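Asks:
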Amino acid sequence: MTLDEVIQYYVDLLIIQYRQKPRARATVAAFVRAAVADGLPPALADAFDIDTASGAQLDILAKYIGVS
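Residue numbers for the sequence shown follow the numbering used here, beginning at 617 and rising by one.
Shown next as structure tokens:
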């Protein structure tokens with residue numbers, strides 16, 4: 617799920633009386649965008665993918681896994 621899909625999902629959860637209000641939709645979108653840090657968590661997970669990691673990434677992964 618992309619960041620835009622996540623934002624749209626939460627915007628669509630607004631109750632009916634606010635669903636067509638642009639400011640309400642923008643407020644929810646801003647909160648969701650801030651909560652997911654503009655896609656930072658998935659990007660961080662990808663940065664330390666064991667199959668594509670190299671150099672310092674492998675050193676950090678080894679530290680957490682317990683490998684020297």
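Cβ coordinates follow ideal geometry from the N, Cα and C atoms, glycine included.
Predicted model, so just to flag it, every value in this text is computed and none were measured.
1) Please state whether the Cβ-Cβ distance between R639 and V627 is less than 7 Å.
2) Determine the DSSP secondary structure at D665, reduced to helix, strand or coil.
3) Taking L629 as the reference, which of M617, T618 and V648 has the closest Cα?
4) Which residue's Cα is closest to the Cα of I623: D654, D675, Y634 and Q633?
5) For Y680 and L674, what's the separation of their Cα atoms in angstroms?
Replies: For this structure:
1) In the sequence shown, residue 639 corresponds to position 23, counting from 1. In the sequence shown, residue 627 corresponds to position 11, counting from 1. No, the pair does not count as a contact, with Cβ atoms beyond the cut-off.
2) Counting from one through the sequence shown, the residue named residue 665 turns up at place 49. Reduced to three states, the DSSP call for D665 is coil.
3) Stepping through the sequence shown from its first residue, residue 629 is reached at position 13. Looking at the Cα atoms, V648 is the closest of the given residues.
4) Translated into positions along the sequence shown, residue 623 becomes position 7. For the residues D654, D675, Y634 and Q633, the minimum Cα distance to I623 belongs to D654.
5) Indexing the sequence shown from 1 puts residue 680 at position 64. Indexing the sequence shown from 1 puts residue 674 at position 58. Separation of Y680 and L674 (C-alpha to C-alpha, rounded to the nearest whole angstrom) is 10 Å.
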